[in-house]
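In this text, residue positions in the sequence shown follow the numbering used here: the first is 304, and each later residue adds one. Idealized CB from N, CA, C, for every residue including glycine. A quick note: this is a predicted structure, and the numbers were derived from the prediction, not measured.
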Amino acid sequence: MRRVVFRIPRKFSPPQGFESFPGGRPLHSCSHRLRTTRADRGCAGCPHAAREESGMNDGGRGVKRPGRGGRGGSPPPGAGRGPGTGRGGARWPGMLFEAAPFAVGLAVTIAFYLRTRGELGDRIATHFSGGGTADDWGATSSYPWLCLALFGGLALLFGLGAGLPGMSGGARTTWTVTGWGTAGLLAWLLSAVLLVNADASADGTEARLPWAQLLAGLAAGLLAAGAGTLLRRLLPAGARGPEPEPPQGAVERLPLRPGERAGWSAYNTSVAFVGIGGVTFLAGGGLLAAGLVGAGASLLLAGLLVVALSAVRVTVDRHGLTVTAGRLPWPRTRIALDQVSAARAQEVRALDWGGWGYRVSARGTGVILRSGEALVVRKEDGRDFAVTTRDARTAAALLNTLAERGSGSSPRPGGG
C-alpha cells in the first residue's frame with residue numbers, strides 16, 4: 304500500500320494557536336469558548352475568531368459549543384428522533400407497507416388459480432425455455448403452495464428489511480420500488496402461467512408462454528413500483544422506517560490557507576482477492592492443459608478480472624473523491640465536491656455491506672475490499688458511499704475542507 308499526500312505550497316507553517324494531532328493534522332488549541340450568534344460569529348477577544356467561525360474548534364465544521372442558556376452543542380440522547388426510530392410499534396406501518404404488495408400478489412394469483420382450476424389437469428407447465436415452450440412440469444395441487452412460499456418469503460424479506468436502521472431516504476425509496484415492482488411482475492407471470500396451461504392440453508405439454516406475457520409482466524411491475532412510490536409518500540414520516548444515525552462526534556477538517564491546494568491518494572490491495580484470482584487463473588490453466596478449452600478460458604479470464612479488481616486507488620483532490628480499480632482507468636466512481644455533505648472515517652464490516660467488492664445495500668453503496676477502516680461519505684441526497692482504505696481520517700478531513708471551500712459554507716455535522 305502506498306500513500307501520497309501532497310500539498311502546494313510545500314512549506315506550510317500552521318497559524319498561531321494551532322497544534323498537531325499525532326498524524327500531523329492541525330487542531331485549534333484556543334481555549335476560548337465559542338459563542339455563535341447571527342450578529343456576531345466568533346468569540347470576543349479571541350485572535351482566532353475567523354477560524355472559529357469556520358468551525359475549526361474541536362475539528363468540526365460549524366460545530367457549536369454549549370452557550371449560555373444551554374443552546375448549541377449536541378442534543379440530549381433521544382432528542383430529535385421521530386416516532387419510527389425507537390422501539391415500539393411506530394415502525395410497523397412501514398414494514399407492513401413493504402410486505403403489502405406481496406400479499407396482494409398472492410391474492411391475485413390464488414384468485415386466478417380458483418378461476419382456472421376446473422380447466423387444469425393433474426399437472427401444469429411451471430417452467431418455460433427462451434422460446435416460450437414448456438420444459439418442466441409440476442403437480443397442479445402444489446402450485447398454490449409454491450406461490451405462498453414465494454410471496455411469503457419475499458414479504459418477510461422486504462418487510463423486515465424496511466425496519467433495519469441505517470437506510471437513507473433514497474435507499475428506502477429504492478427498496479420500495481424494488482419490492483413493489485417485484486410483486487407486480489411475479490403476480491402477472493404466475494397468473495399468466497395458469498392461463499396458458501388452461502388453454503393447453505390436460506398434461507400441460509402444449510403450454511406456451513409468449514414473450515408478450517413477459518413484456519406485460521414488466522409493465523405491470525413498473526406500474527406497481529410507481530404506485531408504491533406514490534403511496535409511500537402518504538405514510539407518516541415516523542412510519543417510513545428508522546432514519547440513519549448521524550455520525551458521532553464533530554466532522555474533522557484539514558486546515559488550508561487561502562489559495563493553498565492539497566490532495567491525498569492511497570493505493571489499497573486485497574490479498575484475499577489476489578489469492579482467489581491467482582487460484583482461479585491456475586485452475587483455468589489446468590483445464591486448458593487437459594483439453595477443456597471453453598471452461599479453461601473462462602476461468603483464466605475470471606482470474607485475470609479478479610486480480611485486476613483486487614486493488615483500488617482512492618484520491619481526494621479538487622475534483623472530489625475518485626475511486627478507481629487499481630491502475631486501470633475504468634471502472635471509476637467519482638463524487639464531486641458539491642455532492643459531499645460530510646465525510647468521516649469509520650470502522651466497517653464487510654458483511655454489514657453485503658460482502659466484498661462493489662456493494663449496493665441498505666446502508667448505501669461501497670467498494671469493500673476488507674473489514675476495517677473506511678472512508679464514508681454522506682452525499683447531499685442522503686446516501687452513503689464507503690470505500691475501505693488506510694488513513695481514512697486524513698482523507699475525510701481533507702475532503703470536508705475541500706467540499707466547504709467549493710460550496711462556500713460549512714457542511715452540517717453528520718451530513719444532516
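Consult DSSP for residue i and reduce its assignment to one of helix, strand or coil.
i, result
"residue 641", "helix"
"residue 411", "helix"
"residue 657", "coil"
"residue 355", "Reliability of the predicted coordinates at residue 355 is poor, the pLDDT of 35 falling under 50, and no value is obtained from them."
"residue 673", "coil"
"residue 701", "helix"
"residue 662", "strand"
"residue 511", "strand"
"residue 681", "strand"
"residue 635", "strand"
"residue 593", "coil"
"residue 555", "coil"
"residue 578", "helix"
"residue 435", "coil"
"residue 706", "helix"
"residue 607", "helix"
"residue 503", "coil"
"residue 538", "coil"
"residue 423", "coil"
"residue 630", "coil"
"residue 560", "coil"
"residue 371", "Caution is warranted here: a pLDDT of 35 is assigned to residue 371, below 50, making its placement in the model unreliable, and the coordinate value is therefore given only provisionally. Correct three-state label for residue 371: helix."
Run the CB neighbour count on residue i, radius 10 Å, all protein chains shown included, and call it buried at 16 or more, exposed below.
i, result
"residue 563", "exposed"
"residue 687", "buried"
"residue 448", "exposed"
"residue 647", "buried"
"residue 561", "exposed"
"residue 669", "buried"
"residue 623", "buried"
"residue 436", "exposed"
"residue 596", "exposed"
"residue 704", "buried"
"residue 707", "buried"
"residue 689", "buried"
"residue 462", "buried"
"residue 699", "buried"
"residue 664", "buried"
"residue 656", "buried"
"residue 408", "buried"
"residue 594", "exposed"
"residue 482", "buried"
"residue 578", "exposed"
"residue 633", "exposed"
"residue 658", "exposed"
"residue 701", "buried"
"residue 401", "buried"
"residue 404", "buried"
Starting from residue i, follow its DSSP beta bridges and name the residues at the other end.
i, result
"residue 429", "Its beta-bridge partners do not exist; DSSP assigns none."
"residue 571", "615"
"residue 440", "428"
"residue 650", "676"
"residue 668", "663 and 688"
"residue 620", "623"
Let's see if you can read the secondary structure: which residues bound the alpha helix (DSSP H) around residue i?
i, result
"residue 515", "514–535"
"residue 448", "446–465"
State the start and end residues of the unbroken beta strand (DSSP E) segment that holds residue i.
i, result
"residue 689", "687–691"
"residue 623", "623–627"
So residue i and residue j are supposed to be a Cβ contact under 8 Å. How far apart are they, rounded?
i, j, result
"residue 456", "residue 478", "Between residue 478 and residue 456 the Cβ distance is about 16 Å, and since that is not below 8 Å, they are no contact."
"residue 488", "residue 520", "5 Å"
"residue 428", "residue 510", "4 Å"
"residue 643", "residue 682", "7 Å"
"residue 397", "residue 538", "6 Å"
"residue 673", "residue 691", "6 Å"
"residue 588", "residue 599", "7 Å"
"residue 572", "residue 601", "With a Cβ gap of about 25 Å, residue 572 and residue 601 do not count as contacting."
"residue 426", "residue 442", "6 Å"
"residue 615", "residue 628", "6 Å"
Got a sec: does the ligand NAD put a non-hydrogen atom nearer than 7 Å to the Cβ of residue i?
i, result
"residue 524", "For the ligand NAD, the structure offers nothing, since it holds no ligand at all."
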